[in-house]
Amino acid sequence: MTTLLDRPNTALLIVDVQNAVVERAHERDAVVANIGGLVAKARRERIPVIWIQQSDEELVKGSEGWRIVPELEPDDTEPLVAKAYGDSFEDTELEGVLSDRGVGRLLVVGAQTDACIRSTLHGALVRGYDAILVSDAHTTEDLTKWGAPPPELVIAHTNLYWKYQTAPGRTAGTVETKNVDFAGEA
Numbered sequence: 001m002t003t004l005l006d007r008p009n010t011a012l013l014i015v016d017v018q019n020a021v022v023e024r025a026h027e028r029d030a031v032v033a034n035i036g037g038l039v040a041k042a043r044r045e046r047i048p049v050i051w052i053q054q055s056d057e058e059l060v061k062g063s064e065g066w067r068i069v070p071e072l073e074p075d076d077t078e079p080l081v082a083k084a085y086g087d088s089f090e091d092t093e094l095e096g097v098l099s100d101r102g103v104g105r106l107l108v109v110g111a112q113t114d115a116c117i118r119s120t121l122h123g124a125l126v127r128g129y130d131a132i133l134v135s136d137a138h139t140t141e142d143l144t145k146w147g148a149p150p151p152e153l154v155i156a157h158t159n160l161y162w163k164y165q166t167a168p169g170r171t172a173g174t175v176e177t178k179n180v181d182f183a184g185e186a
């Protein structure tokens, strides 16, 4: 359904599941476990797994906080895309990585819901990708002291509005981890 020509494949896009990013995240262990299950399933089904890794002034490349969480281990054959902005496509090699693999449909997981996940979902959709959010495989930390709603409400709201997101010729929506079908519509 993607508007990208000759892009029939699906990929699992794992955004910023790094030590410092998720150390205080809402339901961290459950979300990381769901992502781990999806990674294992994608690998069994030979679905591309693409890792995104943020670095900036607070998340210094090479530091312990910058590293992918120990429960998840990128395979040497899986691309690791470095980024410095919320949208995983912005000023990165992600588009080339996906193009090389014929990917037009993304299942998006990771952190933080109210920043990099939202930015990446919108970035994918406007670039012509089908963008599916795995509703129980993304998280955020508690930012209520800066005026944000509690994390469970941020997550619920993102799931709600992305479930009904539309764009001409593209598919958006949400799916629970247990219902992910890399070959199908969900």
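Those letters in the sequence shown? Residues 1 to 186, by UniProt numbering.
Where is the CB? At the ideal position from N, CA and C, for every residue including glycine.
Nearest-angstrom beta carbon gap, residue j and residue i [assumed within contact, 8 Å]
i	j	result
Leu38	Leu80	That belief does not hold up - the Cβ atoms of Leu38 and Leu80 are roughly 17 Å apart, past 8 Å.
Glu27	Thr139	6 Å
Val109	Ile35	5 Å
Ala137	Val31	6 Å
Thr120	Asp142	At roughly 21 Å, the Cβ-Cβ gap does not stay under 8 Å, so Thr120 and Asp142 are not in contact.
Cys116	Val15	5 Å
Ser135	Thr171	Actually they do not touch by this definition, with Cβ atoms about 15 Å apart.
In DSSP terms, what residue i is bridged to
i	result
Lys83	Gln54
Glu141	Ala25
Thr171	DSSP output for Thr171 lists no bridge partner at all.
Val49	Leu12
Helix, strand or coil at residue i according to DSSP, with G and I counted as helix
i	result
Thr158	helix
Ser135	strand
Leu98	helix
Ala111	strand
Leu12	strand
Leu106	strand
Ile35	helix
Val126	helix
Ile117	helix
Proximity test, Cβ basis, 8 Å: residue i and chain B
i	result
Ala156	In the structure shown, chain B does not exist; there is a single protein chain.
Is there contact between the region 40-48 and the region 121-131, where contact requires at least three CB pairs shorter than 8 Å?
The region 40-48, when compared against the region 121-131, does not touch it at the 8 Å Cβ threshold.
Below 8 Å, can you find three or more Cβ-Cβ pairs linking the region 53-60 to the region 17-31?
Touching, yes.
For the region 59-78 against the region 90-102, are there 3 or more C-beta pairs whose distance is under 8 Å?
No, the region 59-78 does not touch the region 90-102.
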